[in-house]
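Chains as they are written, first to last, in my numbering: chain A, 44 to 573; chain B, 77 to 532. Quick notes on the structure that follows.
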């Protein structure tokens, strides 16, 4: 286990215990060494100007987010750097509520005049929205809060010398290119620092600094007219440079590259029904698509109907406390407090304190993901009077709306490993890492692939496979789960680019899980020639 | 060609003169051997609605400046949206520091000098001026049309999205290049769902010109599809003839753009690689009737006449009467292979031509098949064949003896836009489906529907 993995296990053990008790997760060894910056006085001045202008123009509520986003990216291929880029974006977004209608306007003109103009535009949008208004927005109460927060990191990745980052990537590429038939390799880093100040007309004033790192590695082997690729699952995290170092790209790249070469000679899978063993590097995305998105309340009530879709977990009155999602040992937790995770915050984009709650408890669907305006829709059914703090906007220039928190499958009681699961499997396929992924607009039918596939016979891995995808329907799939790993097999995957909303916004989200076995799943062969 | 009209919205994105002045200011801060400045100035207005209420609406104005500097063979970029002199200078400095630290790039190409570009008028005042009131009014009309056309199904649900964007893009280099283009696009889509939860319909229009978008027609078609798709029947997954509406073709065919990359083809890792080396240019890769091209100056496309480096983007025929004619070349790969650089194809839009019939005629000519409104969640499965997976959505129907007879449950499919173009029964006439897209309906033999979905 890497130190990183141990941290997560520690956090998870605490989290699993927290289901009953509810204490906050303790910080692990990656304790914070950088102080959380406070609000920029200029930002505060403009925010207050905007709030004054909103009140004068008739807004019953307004919030202002001032964001300063920095994103550094490095991309390499083979023995060269293909791009080095460092981008910043600064501006403010004003959201107003007038007569129960939202308006939002954003500007990069960071002057008092710019703030005022954006505010008046937001109010004008609120007023225009009255032309089509069946339901007025009502916000669940929140206690105003003043504070600062920063992602706990040992080393801010943006302060690490660019030469060191490039050297790390090129060393990994070099190692990969030693493998026979591996002709192409790409690696990269995306390093983010987002400073966000939220000021609301109700008195909230919080400044948060989010730090995230996203390493990437993939390679392609070619031989006799065929080519096969392998991408390592290097989970992006809400962590510092120490996480990137812990992955040891140069030390592991040769082993990863060997899988691409091995795939050239792997057996093409025989389509059929198999027991499926999914490692956490694959399962996290299946959780994201088939549980994470399905339990978003905005989807369940139709607000995403025109784009990302609705959900089979609807209507709420027929689902809450009733829908059997999976077996008794299945517990799925939503959590915006999880250490190292991508959607970790102290407060969401409405100033609601981060929350942790169960979506699925002992196999039964228990609650949705919510923002302030959604609480009233299900409060009588759930008894929950607070927002679960799922409001998020990708940038200052985008309106906040309901976005997914970290959604994780909690470990089983028996501390078994993926090897233990293999040992108990007669005829199966084991899958690692994310490949192609697709699911329908109500989250029933999905099809996922992977990067490395192994045939299991009589309790042993007997060889590598290729051209594999698994296809299932969400509830059938989760109810076919009959084994899950224990706390030591827990791992956290994630992505920077979960898309939703119109205009489409991205969200960074993590998913922790353990390996699991699913019985009698349809496996397709994805090769085709005509 | 559409003439630009004086527009209040036009003042919200940078004019050619403003863009030239800003690029000049940034270039003056740079002491690098070579410098490129790219400006994107945008104004976006959007309104979203669901279940009888506008749920969000927004307006965003922003201008970003990206500076790419080169010292010898070392290059890096930095960008900002803060346009004061100190911020611009800091951005140039940051790019310069990064560039000095970057290793030498063996593939580095010098920045371009002055170029000439196709004249493309893609900015329409009616789109730039579409304000919040006008958007709300259009939505009210569309919702009214949904309600009227969906009355037989009861209290029909409508959700949708309307956005209007204006954008100006400029590229300038220290070698004297200056390119400027401004464009607008409007997009309006509506989803209608029947109250029993068994029917869903969708319609969409996208264009440079808001006047080409008919909110009432979009609402009506979405509702008609929702009503007609109620109580869908199951037919077993398998190979069926499919009539893909132009929107469904728009979802699939542009996915070929990635495979048209010359370098990947030369390197033996593309569907257009020739076994044993080289590319498949000159070979038959699609049905004889298929011609696929990009052309920013085409009135139906009105694309951007240059790429991110300021390289002119001109008409390029990718597939002509079924023969692969061109692949796209970066400047580096073109020089290495002794070809002309092309820039990325989708900058110049994408059109598939080869037929004259309407979607209705393609349906009429179908003995038994599946009509597809559009697709959802398409992801690549195998780059060797451009194989994709995805689902049908918002209206799949059984066609029997030239008529739509039965609503069908949605399918998952595993199919390749490339292989599919070799199994065409018929091609419709190209229709504008989005800004920069002209796509026809297609009737495809043996479309591979692989499993059923319960999604409505």
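Backbone N, C-alpha and C define an ideal beta-carbon position, used for all residues, glycine too. Computed from a predicted model, the values in this text were never measured in an experiment.
Work out the CA separation of residue j and residue i for me, nearest whole Å.
i: residue 536 of chain A; j: residue 270 of chain B; result: 38 Å
i: residue 302 of chain A; j: residue 478 of chain B; result: 50 Å
i: residue 528 of chain A; j: residue 455 of chain A; result: 6 Å
i: residue 510 of chain A; j: residue 290 of chain A; result: 28 Å
i: residue 126 of chain B; j: residue 400 of chain B; result: 45 Å
i: residue 367 of chain A; j: residue 373 of chain B; result: 57 Å
i: residue 164 of chain B; j: residue 408 of chain A; result: 52 Å
i: residue 280 of chain B; j: residue 274 of chain B; result: 21 Å
i: residue 64 of chain A; j: residue 381 of chain A; result: Any reading at residue 64 of chain A must be qualified, since the residue scores a pLDDT of 31, below 50, and its modelled position is unreliable; the value itself is stated next. The alpha-carbon atoms of residue 64 of chain A and residue 381 of chain A are separated by roughly 16 Å.
i: residue 91 of chain B; j: residue 162 of chain A; result: 25 Å
i: residue 365 of chain B; j: residue 430 of chain B; result: 5 Å
i: residue 320 of chain A; j: residue 270 of chain A; result: 26 Å
i: residue 102 of chain A; j: residue 144 of chain A; result: 10 Å
i: residue 549 of chain A; j: residue 476 of chain B; result: 42 Å
i: residue 411 of chain A; j: residue 146 of chain A; result: 25 Å
i: residue 514 of chain A; j: residue 499 of chain B; result: 26 Å
i: residue 244 of chain A; j: residue 142 of chain A; result: 15 Å
i: residue 220 of chain A; j: residue 287 of chain A; result: 21 Å
Does chain A have any CB closer than 8 Å to the CB of residue i?
i: residue 488 of chain B; result: yes
i: residue 508 of chain B; result: no
i: residue 311 of chain B; result: no
i: residue 126 of chain B; result: yes
i: residue 154 of chain B; result: yes
i: residue 493 of chain B; result: no
i: residue 343 of chain B; result: yes
i: residue 230 of chain B; result: no
i: residue 108 of chain B; result: no
i: residue 138 of chain B; result: yes
Taking only beta-carbon positions, decide if residue i is within less than 8 Å of chain B.
i: residue 512 of chain A; result: yes
i: residue 72 of chain A; result: Since pLDDT at residue 72 of chain A reaches only 45, below the 50 mark, its modelled position is unreliable, and the value read off the structure follows with that caveat. With 8 Å as the cut-off, residue 72 of chain A does not count as an interface residue toward chain B.
By the criterion of Cβ-Cβ separation under 9 Å, what are the contact partners of residue i in chain A?
i: residue 266 of chain B; result: 349
Assign residue i to one of two classes, buried (16 or more other C-beta atoms within 10 Å of its C-beta) or exposed (fewer than that).
i: residue 483 of chain A; result: buried
i: residue 415 of chain A; result: buried
i: residue 490 of chain A; result: buried
i: residue 72 of chain A; result: Note that residue 72 of chain A scores 45 on pLDDT, short of 50, meaning its location in the model is unreliable; the coordinates nonetheless yield the value given after this. Exposed: under 16 other Cβ atoms inside 10 Å.
i: residue 315 of chain B; result: exposed
i: residue 295 of chain B; result: buried
i: residue 464 of chain B; result: buried
i: residue 470 of chain A; result: exposed
i: residue 202 of chain A; result: exposed
i: residue 378 of chain B; result: buried
Chain B partners of residue i, CB-CB under 9 Å?
i: residue 174 of chain A; result: 130, 209, 212, 213, 215 and 216
Can you name the residues of chain A whose CB is closer than 7 Å to the CB of residue i?
i: residue 183 of chain B; result: 123
i: residue 157 of chain B; result: 132, 133, 134 and 151
i: residue 135 of chain B; result: 148, 164 and 168
i: residue 219 of chain B; result: 175
My understanding is that residue i touches residue j, with C-beta atoms under 8 Å, so please give their C-beta distance in whole angstroms.
i: residue 231 of chain A; j: residue 204 of chain A; result: Contact flag wrong, Cβ pair sits at about 17 Å.
i: residue 157 of chain B; j: residue 132 of chain A; result: 5 Å
i: residue 102 of chain B; j: residue 317 of chain B; result: Wrong, their Cβ atoms sit about 56 Å apart, outside the cutoff.
i: residue 322 of chain B; j: residue 179 of chain B; result: About 47 Å; that fails the 8 Å criterion.
i: residue 80 of chain A; j: residue 194 of chain A; result: That belief does not hold up - the Cβ atoms of residue 80 of chain A and residue 194 of chain A are roughly 12 Å apart, past 8 Å.
i: residue 139 of chain A; j: residue 105 of chain A; result: 5 Å
Please compile the residues from chain B whose C-beta is within a distance smaller than 7 Å of the C-beta of residue i.
i: residue 331 of chain A; result: Neighbours of residue 331 of chain A on chain B: none; closest Cβ ~13 Å, over 7 Å.
i: residue 487 of chain A; result: 529, 530 and 531
i: residue 144 of chain A; result: 130
i: residue 503 of chain A; result: Under the 7 Å cutoff, chain B gives no residues; its nearest Cβ is about 28 Å from residue 503 of chain A.
i: residue 490 of chain A; result: 465 and 488
So with CB distances below 8 Å, who are the chain A contacts of residue i?
i: residue 534 of chain B; result: Residue numbering for chain B in the displayed model covers 77 to 532; residue 534 of chain B lies beyond these limits and cannot be assessed.
i: residue 114 of chain B; result: Correct list: empty, because the minimum Cβ distance to chain A is about 12 Å.
i: residue 352 of chain B; result: 268
i: residue 501 of chain B; result: Chain A residues near residue 501 of chain B: none, gap ~16 Å exceeds 8 Å.
Anything in chain C within Cβ reach of residue i, meaning under 7 Å, just list it in chain order.
i: residue 139 of chain A; result: As a matter of chain content, chain C is missing from the structure shown, whose protein chains are A and B.
Please list the partners that residue i has in chain B, where partner means a Cβ-to-Cβ separation under 8 Å.
i: residue 227 of chain A; result: 343 and 345
i: residue 108 of chain A; result: Correct list: empty, because the minimum Cβ distance to chain B is about 13 Å.
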